[in-house]
Amino acid sequence: MWPAGGRHLWPSGGTSAAQSHPRGHLVYAASGVLAVHTERGTSIVPANRAAWTPAGFTHYHRAHGDTDMRIVFLTPSLARLVPDRPAVFLASGLAREVLLALTGPRNYDDAAPGYGRAARSRLLRVLVDELREAHEQPLHLPEPRDDRLRAIARMLYETPADNATLAELGRTIGASTRTLSRLFRDELGMTFYEWRTQLRVHHALVLLADGHDTIRTATACGWANPSSFIAAFSEIIGTTPGRYRTGRRTTAQASRPPGAQAEDDPTAGG
1 MWPAGGRHLW PSGGTSAAQS HPRGHLVYAA SGVLAVHTER GTSIVPANRA
51 AWTPAGFTHY HRAHGDTDMR IVFLTPSLAR LVPDRPAVFL ASGLAREVLL
101 ALTGPRNYDD AAPGYGRAAR SRLLRVLVDE LREAHEQPLH LPEPRDDRLR
151 AIARMLYETP ADNATLAELG RTIGASTRTL SRLFRDELGM TFYEWRTQLR
201 VHHALVLLAD GHDTIRTATA CGWANPSSFI AAFSEIIGTT PGRYRTGRRT
251 TAQASRPPGA QAEDDPTAGG
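For the sequence shown, the positions run 1 to 270 when the UniProt record's numbering is used.
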């Protein structure tokens with residue numbers, strides 16, 4: 001890993017070791033989809049999003065689809081300007097270009113002229129300013145701590161298409177609907193149905209990265225029909241599944257080195 005992060009190419013399913021860093025860092029997927037796991041929960045990083053992990057948080061990354069991962073570390077003075085907890089931000093066009101520039105060949109290719117310290121500082125400040133102006137994205141799925149919620153989470157992680165009600169799940173684990181509803185609000189800051197919808201959208205992003213179409217993805221994630229899936233997906237991601245897949249391919253093509261062939265694009269045809 002380069003001192004300021006860098007570019008890391010991961011095969012689909014590739015997983016890093018659990019680790020923590022003395023500086024917080026941003027990760028961006030120029031292609032593919034990343035999952036960033038911390039003790040606080042899981043962040044999904046699709047195209048045009050950037051995930052922030054503060055200093056000292058134990059975490060690991062997992063690639064869904066062949067993934068071009070970019071990492072940028074922030075100095076403590078810049079890290080103070082962003083949240084002190086894991087978060088996902090919408091990456092504007094400018095933020096994306098800065099992320100690619102800070103992790104491009106000029107940072108690790110001896111034959112290419114590199115950015116000086118002053119230039120890198122300016123680019124990092126622009127990046128942080130762009131993220132501060134962006135809206136946080138509801139793509140961080142908090143991890144339950146209570147044993148009863150953890151049992152429900154395990155069941156739904158394994159079968160996200162399960163449409164059991166909270167009362168039915170409660171009977172399975174021996175807890176009342178009222179107790180579980182209170183725990184979801186107090187511990188996770190959302191209702192059970194909001195949490196399950198986010199979990200399903202996370203799963204949908206992974207399936208779309210693996211090349212599944214909208215209909216198969218909707219069914220696998222528990223939606224009764226494609227239109228309800230499209231509506232829920234669009235509300236959280238900001239675009240339809242079809243447009244998201246097209247945009248993901250476009251992003252991957254834009255980040256391809258000059259002269260590379262289309263067939264080298266791991267998302268081509270997806």
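All C-beta atoms, glycine included, are put in the ideal place defined by N, C-alpha and C.
All values derive from a computational prediction rather than experimental measurement.
**the region 50-57 in contact with the region 10-29 per 3-pair CB rule at 8 Å** = In this structure the region 50-57 lies against the region 10-29, because at least three pairs of beta carbons, one per stretch, are closer than 8 Å.
**Request:** For Q261, I'd like the list of residues in its chain whose CB is within less than 8 Å of its CB, leaving aside the five on either flank, ordered along the chain.
**Result:** Against the sequence shown, residue 261 aligns to sequence position 261. Here Q261 scores only 32 on pLDDT, less than 50, and its place in the model should not be relied on; the value that follows carries that caveat. Hits under 8 Å: none found.
**Prompt:** Near R7, which residues of its chain fall below 6 Å by C-beta distance, leaving aside the five closest residues on each side in sequence?
**Reply:** Position 7 of the sequence shown, counted from the first residue, corresponds to residue 7. Shown here for R7: same chain residues with a beta carbon closer than 6 Å to its own, the five before and five after excluded, namely R70 and T103 in chain order.
**Message:** Quick check on DSSP: helix, strand or coil for H203?
**Reply:** In the sequence shown, residue 203 corresponds to position 203, counting from 1. It is helical.
**Item:** For M190, three-class secondary structure by DSSP
**Value:** Here residue 190 corresponds to residue number 190 of the sequence shown, with the count starting at 1. In the structure shown, M190 sits in coil (DSSP, three-state: anything other than H, G, I, E or B).
**Within 8 Å, strictly: CB atoms of D146 and E194** = The residue given as residue 146 occupies position 146 in the sequence shown. The residue given as residue 194 occupies position 194 in the sequence shown. The answer is no: Cβ separation not under 8 Å.
**Neighbourhood of residue 271 by C-beta, 8 Å cutoff - its chain only, sequence neighbours within 5 removed** = Residue 271 is absent from the model: the chain starts at 1 and stops at 270.
**Prompt:** If we call anything under 8 Å between Cβ atoms a contact, is R96 one with L156?
**Reply:** For the purposes of this step, residue 96 is taken as residue 96 along the sequence shown, with counting starting at 1. For the purposes of this step, residue 156 is taken as residue 156 along the sequence shown, with counting starting at 1. The answer is no: Cβ separation not under 8 Å.
**Asked** Taking contact to mean at least 3 C-beta pairs separated by less than 8 Å, is the region 123-131 in contact with the region 27-36?
**Response** no
**Asked** With contact counted as at least three CB pairs below 8 Å, one residue from each stretch, are the region 59-73 and the region 9-16 in contact?
**Response** yes
**Request:** Taking 8 Å as the cut-off, decide whether the C-beta atoms of L139 and S43 are in contact.
**Result:** In the sequence shown, the residue the question calls residue 139 occupies position 139. In the sequence shown, the residue the question calls residue 43 occupies position 43. A contact, by the Cβ cut-off of 8 Å.
**Message:** Rounded to the nearest angstrom, what separates G5 and R122 at their Cα positions?
**Reply:** For this step, residue 5 is matched to residue 5 along the sequence shown. For this step, residue 122 is matched to residue 122 along the sequence shown. Across the structure, G5 and R122 are spaced so that their CA atoms are roughly 16 Å apart.
**Asked** Cα separation between I173 and L149?
**Response** Taking the sequence shown and counting its residues from 1, the one referred to as residue 173 is at position 173. Taking the sequence shown and counting its residues from 1, the one referred to as residue 149 is at position 149. One C-alpha to the other measures close to 9 Å.
**Prompt:** In this structure, does DSSP put F57 in helix, strand or coil?
**Reply:** As a working note, residue 57 is residue 57 in the sequence shown. Coil.
**Request:** Decide if G170 is buried, meaning its Cβ has at least 16 other Cβ atoms within 10 Å, or exposed.
**Result:** As a working note, residue 170 is residue 170 in the sequence shown. Classification of G170: buried, given that the 10 Å Cβ count is 16 or more.
**Request:** Could you tell me which residues DSSP puts in a beta bridge with M69?
**Result:** Your numbering for residue 69 matches position 69 in the sequence shown. H8 and A29.
**Message:** Applying the 10 Å Cβ sphere with the 16-neighbour rule, what's the burial state of H135?
**Reply:** Here the question's residue 135 lines up with position 135 in the sequence shown. Burial call: exposed.
**Message:** Just to confirm before moving on: does the CB-CB distance between residue 271 and V201 stay below 8 Å?
**Reply:** The chain is shown only over 1 to 270; residue 271 falls outside these bounds and no answer can be derived.
**Asked** What did DSSP end up calling T165 once you bin it into helix, strand or coil?
**Response** On the sequence shown, residue 165 is found 165 positions in, with the first residue counted as 1. Coil.
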